[in-house]
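Peer 1: Here's a structure for you.
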Amino acid sequence: MKEVSHGRDGSISLKSLENCINSDLANNYGNLCQRVFSFIKNNCNNKVSRSKKKSDSDNKLIKETHTLTKNLRNEMNNQNLNNYIKSVINISFLTNKYINDEEPWKLKKINIKKMNNILHLSLEQIAKISILLNPIIPNSSTKVLDSLNINPKLRNLSFLDGNKILDDVIKIKELNILFKKIT
Numbered sequence: 003m004k005e006v007s008h009g010r011d012g013s014i015s016l017k018s019l020e021n022c023i024n025s026d027l028a029n030n031y032g033n034l035c036q037r038v039f040s041f042i043k044n045n046c047n048n049k050v051s052r053s054k055k056k057s058d059s060d061n062k063l064i065k066e067t068h069t070l071t072k073n074l075r076n077e078m079n080n081q082n083l084n085n086y087i088k089s090v091i092n093i094s095f096l097t098n099k100y101i102n103d104e105e106p107w108k109l110k111k112i113n114i115k116k117m118n119n120i121l122h123l124s125l126e127q128i129a130k131i132s133i134l135l136n137p138i139i140p141n142s143s144t145k146v147l148d149s150l151n152i153n154p155k156l157r158n159l160s161f162l163d164g165n166k167i168l169d170d171v172i173k174i175k176e177l178n179i180l181f182k183k184i185t
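Reminder that position 71 of the sequence shown reads as 73 in the numbering used here, one-by-one numbering, no gaps.
Given below as structure tokens:
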């Protein structure tokens with residue numbers, strides 16, 4: 003769906019499908035989920051909390067993802083699925099970059115509060131991505147949302163209007179690998 007505009011003819015090869023699954027799903031979204039959930043399980047007893055104080059990098063991620071999500075309702079309503087999916091995958095890319103730049107693994111012994119906040123903000127982005135991908139990959143995104151303990155009634159686009167998705171303190175469940183690479 004990402005490769006072809008709605009209403010236009012397109013050609014999708016098995017190789018491009020394989021690349022899309024490996025790149026966007028396994029390496030990007032799946033890896034993001036796996037690394038954050040595994041880190042929280044191994045270092046935080048499956049529980050993290052949000053801090054009221056946000057760093058410049060936290061605010062940058064929030065602003066960048068807000069910019070991307072601002073137009074997603076229109077993309078969906080206009081059936082521009084390729085642009086919709088590209089924007090959602092970009093949120094995953096930005097969140098992966100945020101984690102790489104913030105290096106929460108280095109903070110465990112020196113600033114647990116900041117480490118928790120990085121992980122909580124990452125989980126919040128994962129929740130958004132999962133809700134946004136739910137119409138496209140419902141089984142995988144539901145596994146993530148279940149692992150985040152998000153009430154099914156709250157799995158909607160209300161966060162686009164500023165509503166919170168996660169509580170200030172969240173306890174997660176274990177998440178198994180979502181996507182296997184195709185070779």
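C-beta atoms are modelled at their ideal positions from N, C-alpha and C, and glycine is treated no differently.
On a predicted model such as this, the values are computed, not experimentally measured, just so you know.
1) What is the DSSP secondary structure of S94, reduced to helix, strand or coil?
2) Who are the near neighbours of V38 in its chain, counting only those whose CB is closer than 8 Å to its CB and skipping five residues on each side?
3) Which residues in the same chain have their Cβ closer than 8 Å to the Cβ of L63, if we skip the five residues on either side of it in sequence?
4) Using only the alpha-carbon positions, how far apart do C46 and E77 sit?
5) Out of D103, L70, L134 and N165, state which residue places its alpha-carbon closest to the alpha-carbon of D58.
6) Return the bridge partner residues of I139 from the DSSP annotation.
7) Would S149 and K175 qualify as a contact pair, given that the criterion is a beta-carbon distance under 9 Å?
8) Can you give the Cα-Cα distance for K173 and Q81, rounded to whole angstroms?
9) Between the beta-carbon of L168 and the beta-carbon of I152, is there less than 9 Å?
10) So for K173, helix, strand or coil by DSSP?
11) What does K49 pair with, by DSSP beta-bridge criteria?
12) Roughly how many angstroms lie between the CA atoms of K55 and L83, to the nearest whole one?
13) How is E105 classed by DSSP in three states: helix, strand or coil?
14) Tell me whether N61 sits in a helix, a strand or coil according to DSSP, three-state version.
15) What's the call for T67, buried or exposed, on a 16-neighbour Cβ count within 10 Å?
16) So, with DSSP's three-state summary, where would you put K4?
Peer 2: Here's the rundown:
1) Here residue 94 refers to the residue found at position 92 when the sequence shown is read from its first residue. Looking at S94 - three-state DSSP - the assignment turns out to be helix.
2) Here residue 38 is taken as the residue at index 36 of the sequence shown, counted from 1. I101, L121, S124, L125 and I128, listed in sequence order.
3) Position 61 of the sequence shown, counting from 1, holds the residue named residue 63. Counting only Cβ-Cβ distances below 8 Å, and skipping sequence neighbours, we find L96, T97, Y100, L123 and Q127.
4) To locate residue 46, count along the sequence shown from 1; it is residue 44. To locate residue 77, count along the sequence shown from 1; it is residue 75. CA-to-CA, the gap between C46 and E77 works out to about 37 Å.
5) Counting from one through the sequence shown, the residue named residue 58 turns up at place 56. Distance from the Cα of D58 is smallest, within the candidate group D103, L70, L134 and N165, for D103.
6) Sequence index remark: in the sequence shown, residue 139 carries index 137 (1-based). Within the DSSP bridge table, the entry for I139 names no partner.
7) Looking up residue 149 in the sequence shown gives position 147. Looking up residue 175 in the sequence shown gives position 173. Taking the C-beta atoms as reference points, K175 is found nearer than 9 Å to S149.
8) In the sequence shown, counting from the first residue as 1, residue 173 sits at position 171. In the sequence shown, counting from the first residue as 1, residue 81 sits at position 79. Straight-line Cα distance between these residues: approximately 36 Å.
9) If you number the sequence shown from 1, residue 168 lands on position 166. If you number the sequence shown from 1, residue 152 lands on position 150. Taking C-beta atoms as the reference points, L168 and I152 count as a pair closer than 9 Å.
10) Here residue 173 refers to the residue found at position 171 when the sequence shown is read from its first residue. In the three-state DSSP reduction, K173 falls in the strand class (E or B).
11) Stepping through the sequence shown from its first residue, residue 49 is reached at position 47. Beta-bridge annotation (DSSP): K49 is paired with K173.
12) Residue numbering aside, residue 55 sits at position 53 when the sequence shown is read from its first letter. Residue numbering aside, residue 83 sits at position 81 when the sequence shown is read from its first letter. When rounded, the distance between both Cα atoms is 36 Å.
13) As a position in the sequence shown, residue 105 is number 103, starting the count at 1. Per DSSP, reduced to three states, the secondary structure at E105 is coil, with no helix or strand assignment.
14) Indexing the sequence shown from 1 puts residue 61 at position 59. Assigned with DSSP and collapsed to three states, N61 falls in helix.
15) As a position in the sequence shown, residue 67 is number 65, starting the count at 1. A residue is called buried when at least 16 other Cβ atoms come within 10 angstroms of its Cβ; T67 meets this threshold and is buried.
16) Working through the sequence shown from its first residue, we reach residue 4 at position 2. Note that K4 scores 42 on pLDDT, short of 50, meaning its location in the model is unreliable; the coordinates nonetheless yield the value given after this. Three-state DSSP puts K4 in coil, outside helix and strand.
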